[in-house]
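In what follows, a single structure is set out as structure tokens and then discussed.
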Amino acid sequence: MIVANDQILLARHHEHHNTFLPGGHVEPRESCVTTLQRELDEELGISVEVGRYLGAIEYQWWDEPISTWHHNVSHCFEARSSDLTPGVDPLAIEPHLLFCWSSVEDFERHNLLPLPLRNLIAKLLDGDERVWWASTM
30 MIVANDQILL ARHHEHHNTF LPGGHVEPRE SCVTTLQREL DEELGISVEV
80 GRYLGAIEYQ WWDEPISTWH HNVSHCFEAR SSDLTPGVDP LAIEPHLLFC
130 WSSVEDFERH NLLPLPLRNL IAKLLDGDER VWWASTM
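For what it's worth, our numbering labels the leading residue of the sequence shown as 30, then goes sequentially.
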């Protein structure tokens, strides 16, 4: 999770109406930290410094094009990058992705999913540094 000036960097697939935290799927023999660094390089062409572990969220979603459910556990870390300008939406390298900065107050407008992220990020920005776990299951 990249936070700058109380704004969170969000990603969105151009065909979908929800946003999510940037990141991606772990490749074989790859750590979660390495995954985050690789994904942000692939998606935005930026290098990131990965900080502390924040927590995890378990959720599922229906993938209409292939008619199947996906089950996911997302691990969240603090991350920083000097390659980003807070408030200036970065341009994606991957054509199917869009990125934007959002305040906590705009999470609903941006339809940030999974839903528990909204409350967990708000608590974090209010100073709650406890590691968190949430599930929509």
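Beta carbons: idealized from backbone N, C-alpha and C, even for Gly. Just so it is clear, the structure is predicted and the values come from calculations on it, not from any experiment.
Let me confirm a value: residue i is counted as buried when at least 16 other C-beta atoms fall within 10 Å, else exposed. Which label applies?
| i | result |
| --- | --- |
| LEU120 | exposed |
| HIS100 | exposed |
So the candidates are the options; which of them puts its Cα closest to the Cα of residue i?
| i | options | result |
| --- | --- | --- |
| LEU153 | PRO143, TYR82, ILE122 | TYR82 |
| GLU72 | PHE106, GLY80, GLY53, TYR88 | GLY53 |
| LEU113 | SER76, PRO145, MET166 | SER76 |
| PRO124 | SER60, ASP135, VAL32, GLU44 | GLU44 |
| THR165 | GLU78, MET30, LEU144, CYS61 | LEU144 |
| GLU158 | ILE95, TYR88, PHE106 | PHE106 |
| ARG67 | VAL133, ILE37, ILE95, ILE122 | ILE122 |
| GLU78 | SER111, GLN36, GLU134 | SER111 |
| VAL102 | HIS139, ILE95, TYR88 | TYR88 |
| TRP161 | ILE86, SER60, GLU59, MET30 | ILE86 |
Is the beta carbon of residue j closer than 8 Å to that of residue i?
| i | j | result |
| --- | --- | --- |
| ARG41 | LEU142 | no |
| ASN34 | GLY116 | yes |
| LEU39 | GLY84 | no |
| ALA108 | GLY80 | yes |
| LEU50 | LEU146 | yes |
| GLN36 | SER132 | yes |
When you compare only the Cα positions, how much space is there between residue i and residue j?
| i | j | result |
| --- | --- | --- |
| ASN47 | GLU93 | 15 Å |
| ALA163 | THR64 | 21 Å |
| GLU137 | TRP130 | 13 Å |
| GLU56 | VAL62 | 11 Å |
| VAL32 | ASP135 | 14 Å |
| ASN140 | SER60 | 29 Å |
Does DSSP put residue i in a helix, a strand or coil?
| i | result |
| --- | --- |
| ASP135 | helix |
| ARG159 | coil |
| LEU83 | strand |
| ASP70 | helix |
Closer than 8 Å, CB to CB, is residue i near chain B or not?
| i | result |
| --- | --- |
| ILE150 | Given the protein chain composition of this structure (a single chain), no chain B is represented. |
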